[in-house]
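Per my numbering, residue 4 is the first one in the sequence shown, and the count goes up by one each step.
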Amino acid sequence: MERNFSLKGKTALVTGASSGIGEAIAECYAAAGSRLVICGRRLETVEEAAKRLRETGADVLALAANIANDEDRKKLVAEAMAWSGRIDILVNNAGANPAMGALENLEEKDLDVVLNVNFKGILFLSQEVFRAWMGKNGGNIINISSIGGSRCMHGISGYCAVKAGLNHLGRCMAAEWGKYGIRVNTIAPGIIRTKFSKALWENQQRKENIKQNPIPRFGTIEDTIGTALLLASDASAYITGQNFVVDGGYLISGTL
Numbered sequence: 004m005e006r007n008f009s010l011k012g013k014t015a016l017v018t019g020a021s022s023g024i025g026e027a028i029a030e031c032y033a034a035a036g037s038r039l040v041i042c043g044r045r046l047e048t049v050e051e052a053a054k055r056l057r058e059t060g061a062d063v064l065a066l067a068a069n070i071a072n073d074e075d076r077k078k079l080v081a082e083a084m085a086w087s088g089r090i091d092i093l094v095n096n097a098g099a100n101p102a103m104g105a106l107e108n109l110e111e112k113d114l115d116v117v118l119n120v121n122f123k124g125i126l127f128l129s130q131e132v133f134r135a136w137m138g139k140n141g142g143n144i145i146n147i148s149s150i151g152g153s154r155c156m157h158g159i160s161g162y163c164a165v166k167a168g169l170n171h172l173g174r175c176m177a178a179e180w181g182k183y184g185i186r187v188n189t190i191a192p193g194i195i196r197t198k199f200s201k202a203l204w205e206n207q208q209r210k211e212n213i214k215q216n217p218i219p220r221f222g223t224i225e226d227t228i229g230t231a232l233l234l235a236s237d238a239s240a241y242i243t244g245q246n247f248v249v250d251g252g253y254l255i256s257g258t259l
């Protein structure tokens, strides 16, 4: 059983890994034996995360990259390959949502940021990893989406629509790249208590609504890592093209 979940001999590239879910996934993978390449937009914060990871025994390379930028994506993959020689696991965790508000007030510049990071950046970074390693050697791609991709959430409609597109992109990637030995799956967290989602879990109405969930609380970072390890490992060797919802049961009965 332990062998099924082992990541020994593999290298994982985790984006948006300077804190929150991304850092937690990276730490989990390191504990399972993987080498790590982590990135974020600010090198200082990524290096701080790398220091914390190294204190747990992780072998990690920290890089600065904005995945919405083509040059940054190419440089990220090139430096990861130069350091490790392989990228077996890609976790597309980096995300952005610069504005909240009514749909009629959504501005094009804000939607462009969401699209460029949460959809286009993920697609084009995955292409770079495909060309550099996975197209010839196979691997696992895990996209971090949101329950907003399956259900409308007032105030972040543009973000929700883009995440819905990401969910289907994951299925398309799985369908087209399966012949190369690449599995692609998506994790859709509910409201997780991170800095990124603070405006949601601090909202008083949502605090009341979450009590209606089958698991009546907001999620924690730790709630997401088990699914991430499953999908990166051979324990999920027969799973691809799926969307794993980690939301305490919100989608089946909750109100947010």
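Beta carbons: idealized from backbone N, C-alpha and C, even for Gly.
Compare the Cα-Cα distances from residue i to each of the options and report the closest residue.
i, options, result
"Ile228", "Phe127, Asn96, Leu254", "Asn96"
"Gln245", "Pro217, Ile147, Thr223, Lys214", "Ile147"
"Ile150", "Ala231, Tyr253, Glu26", "Tyr253"
"Gly181", "Val49, Ile144, Cys31", "Ile144"
"Arg45", "Tyr32, Arg55, Glu30, Ser21", "Ser21"
"Val132", "Leu93, Pro219, Glu58, Arg57", "Leu93"
"Asp113", "Ser129, Val165, Ala240", "Val165"
"Cys155", "Ser9, Gly193, Gln130, Gly173", "Gly193"
"Gly104", "Cys163, Trp86, Gly173", "Cys163"
"Gln208", "Val116, Asn7, Phe221", "Phe221"
"Glu58", "Ala83, Ala85, Ala177, Glu30", "Glu30"
"Ala177", "Glu111, Phe8, Met84, Ala240", "Ala240"
"Ser9", "Ser256, Asp91, Glu82", "Asp91"
"Ala83", "Glu47, Arg55, Lys54, Ile41", "Ile41"
For the alpha helix (DSSP H) that contains residue i, what are its first and last residues?
i, result
"Thr170", "In the sequence as displayed, the identity of residue 170 is Asn instead of Thr. From DSSP, the alpha helix (DSSP H) with Asn170 extends over 160–180."
"Ile228", "225–235"
"Gly124", "124–132"
"Val49", "46–57"
"Val80", "73–87"
"Ile255", "253–256"
How many Å lie between residue i and residue j at the Cα?
i, j, result
"Lys77", "Lys123", "14 Å"
"Leu79", "Gly142", "18 Å"
"Gly12", "Gly88", "11 Å"
"Leu66", "Asn119", "20 Å"
"Ile125", "Ile70", "7 Å"
"Ile242", "Ala15", "19 Å"
"Ile190", "Ser236", "15 Å"
"Ile28", "Ala52", "12 Å"
"Val248", "Ile24", "15 Å"
"Ser129", "Asp73", "12 Å"
"Asn121", "Gly43", "14 Å"
"Thr18", "Gly173", "16 Å"
"Val117", "Leu109", "11 Å"
"Glu107", "Asp115", "16 Å"
"Val218", "Glu225", "First, the amino acid is wrong: residue 218 is Ile here, not Val. Cα-Cα distance, rounded: 15 Å."
"Leu233", "Gly251", "18 Å"
"Glu179", "Gly152", "22 Å"
"Ala68", "Asp75", "5 Å"
State the beta-bridge partners of residue i as determined by DSSP.
i, result
"Leu39", "Ala15, Val63"
"Ile24", "Ile24 is not bridged to any residue."
"Ile150", "DSSP output for Ile150 lists no bridge partner at all."
"Ile213", "None, per the DSSP bridge assignment."
"Leu93", "Leu16, Ile144"
"Phe247", "Ile190"
"Gly222", "Ile195"
Can you give me the start and stop residues for the beta strand (DSSP E) that residue i sits inside?
i, result
"Arg186", "185–192"
"Asn108", "From DSSP, Asn108 is part of no beta strand (DSSP E); its letter is neither H nor E."
"Ile147", "142–147"
"Leu10", "Counting along the chain, Leu10 falls outside any beta strand (DSSP E), and DSSP gives it neither H nor E."
Using 7 Å as the cut-off, classify the Cβ of residue i as near or not near the heavy atoms of the ligand MG, replying yes or no.
i, result
"Thr230", "As far as ligands go, the structure on display features none, and thus does not contain the ligand MG."
- Query: So does the region 172–187 actually touch the region 126–138, counting three or more Cβ pairs closer than 8 Å?
  - Reply: Contact between the region 172–187 and the region 126–138 is present, because at least three Cβ pairs lie under 8 Å.
- Is the region 165–179 touching the region 211–218 in the sense that three or more CB pairs, one from each, lie closer than 8 Å? Too few Cβ pairs lie closer than 8 Å, so no.
- Message: Under 8 Å: do the region 152–167 and the region 98–113 share three or more Cβ pairs, one atom per stretch?
- Response: Short answer: they touch.
- Decide yes or no for the touch test of the region 51–68 against the region 33–41: beta carbon pairs closer than 8 Å, at least 3 of them. Short answer: they touch.
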